[in-house]
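Numbering (mature numbering (1 follows the signal peptide of the UniProt record, and there is no 0)), first residue to last: -20 to -1, 1 to 142. Each residue gets a CB set at the ideal place from its N, CA and C atoms; glycine is no exception. Since the structure comes first, as structure tokens, the remarks are kept for the end.
Below you can see the structure in the form of structure tokens.
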């Protein structure tokens, strides 16, 4: 479960669409932002409930066996509450590692947050340990976030090497 949480957290943070260079998200429907060793893509739409402003990853790219500090800022148009979920798919090369639906409110408890997440500004700052046991390679993460009322929170994809 620790690995699943790590992949989920990385995906959640990746969806913010900005690298450690603190590039600003411009609200474009499908921005591609090149980061060291990878690319992040917002596969959502302007109608999504979450509008990312910035993310900082330290180090960028993440390194196996090291701490990863993540800062995320954005704006939420509506409150996210119980019943919100994340469909997460993680691949290492061609091998599917994770393909699951996660309770978003249960997952955010692991980073000392809780539901409801009120509408308005959202800031997340956390540090996680990247397990040294993760195999090296190219990881692909796809995450679709949906609120309790089936409104789309966001859709995000990331590719990175560990």
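(message) Can you tell me whether residue 21 is helix, strand or coil according to DSSP?
(response) strand
(request) Compare the Cα-Cα distances from residue 106 to each of 133, 34, 90 and 31 and report the closest residue. (result) 90
(request) Give, in chain order, every unbroken run of the beta strand (DSSP E) that is at least 3 residues long and sits entirely within the region 25 to 64. (result) 30 to 38 and 47 to 56
(request) Pull up the distance between the alpha-carbon of residue 15 and that of residue 140, whole angstroms please. (result) With a pLDDT of only 38 at residue 15, under the threshold of 50, the placement of this residue in the model should not be trusted, and no figure is reported.
(request) Between the Cα of residue 51 and those of 58, 63, 38 and 45, spot the shortest distance and give me the residue it belongs to. (result) Nearest option by C-alpha distance: 38.
(request) Measure the alpha-carbon distance for residue 108 versus residue 44 and round it to whole angstroms. (result) 11 Å
(request) Given a cut-off of 7 Å, decide if residue 66 and residue 84 are closer than it, judged by their beta-carbon atoms. (result) Cβ distance < 7 Å, so residue 84 and residue 66 count as in contact.
(message) With H, G and I counted as helix, E and B as strand and the rest as coil, what does DSSP make of residue 87?
(response) helix
(message) Short of 7 Å in beta carbon distance, which residues of its chain neighbour residue 97, apart from the five on each side in sequence? Order them along the chain.
(response) Excluding sequence neighbours, residue 97 sits near 56, 59 and 60.
(message) For residue 142 and residue 112, which I take to be in contact (beta-carbon distance under 8 Å), what is that distance rounded to the nearest angstrom?
(response) With a Cβ gap of about 10 Å, residue 142 and residue 112 do not count as contacting.
(request) Using the Cα positions of residue 79 and residue 63, report the straight-line distance between them to the nearest angstrom. (result) Each residue's Cα considered, the two are about 19 Å apart.
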